[in-house]
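If you want the numbering used here, it's the position in the sequence shown, counting the first as 1, plus 50.
Cβ atoms here follow ideal geometry from the backbone N, Cα and C, with glycine treated the same way.
Notes follow the structure.
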Amino acid sequence: MDPDPTGRENLVMAGGPTGMPRADVRTRAAQLPEHFRLAEIADRPSRICSGGRRRRFGLAAAPVHRPRILFFDEPTTGLAPRGRRDLWTVLEQPVADGTTVLPTTQYPEEAYHAGENLTLKNNDIGRHTWEAFIRRRRRAQCGSSSLTSARSFGVSGTFRLSRSGCPGTGSSSRRNRSGCSGSTPV
51 MDPDPTGREN
61 LVMAGGPTGM
71 PRADVRTRAA
81 QLPEHFRLAE
91 IADRPSRICS
101 GGRRRRFGLA
111 AAPVHRPRIL
121 FFDEPTTGLA
131 PRGRRDLWTV
141 LEQPVADGTT
151 VLPTTQYPEE
161 AYHAGENLTL
171 KNNDIGRHTW
181 EAFIRRRRRA
191 QCGSSSLTSA
201 RSFGVSGTFR
211 LSRSGCPGTG
221 SSSRRNRSGC
231 SGSTPV
């Protein structure tokens, strides 16, 4: 973010090179601070904002032009704990607007809030954290853990983890190579 313009002006500048009509860019620049919980500081110079708020303005600039897909690499880096939690809430708005949001994260709890399709790239350092998280999440949803091991994915794996109850309890349930019914390799 440029330190001299306001946060809102930075959003207008971010939408400029997208080919979007100027009036639409200004409308989006007026809406996005509200969605990203930045409305109270949107008209202040960026240089007086905290680092976390500048980071959130940077994230708010991404959906200015209403892209079909947004890639966020470690979007919570540099945010305070509350900002980290808030980010996943505010990213629901672009999704509600029809944008597919693809974030990366090291934190299982954040991945769980990011969506129902998770891609795990396992290595010896993070594998056990992910396995423990998945087991805890499954126990919370189903009363038991039916995931035998995330290691069975090999080096990496993609699966679907339902947040709306115990997956795989219907007649279409099938057990996949992870040993988890309702967990579907994609």
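query                                                                                                                                                                                               : result
Quick one: is P83 buried, meaning 16 or more other Cβ sit within 10 Å of its Cβ, or exposed?                                                                                                        : buried
Is DSSP giving D74 helix, strand or coil here?                                                                                                                                                      : helix
Please go through the same chain and pick out, in chain order, the residues whose beta-carbon is closer than 8 angstroms to the beta-carbon of I175, but skip the five residues on each side of it. : Below a pLDDT of 50, predicted positions are generally treated as unreliable, and I175, at 46, falls in that range; the measurement from the model is reported next regardless. Cβ neighbours of I175 beyond the five flanking positions: none.
Can you pull the DSSP bridge partners for V151?                                                                                                                                                     : L120
Going along the chain, which residues of its own chain have a beta-carbon closer than 6 angstroms to the beta-carbon of I119, five neighbours each way excluded?                                    : T150
Spatial neighbours of V62 within its chain, please: CB distance less than 7 angstroms, with the 5 preceding and 5 following residues excluded, ordered by chain position.                           : V75, R76, A79
If I measure Cβ to Cβ from L152 and keep anything under 6 angstroms in the same chain, skipping five residues before and after, which residues do I get?                                            : F121
Return the bridge partner residues of P95 from the DSSP annotation.                                                                                                                                 : T56
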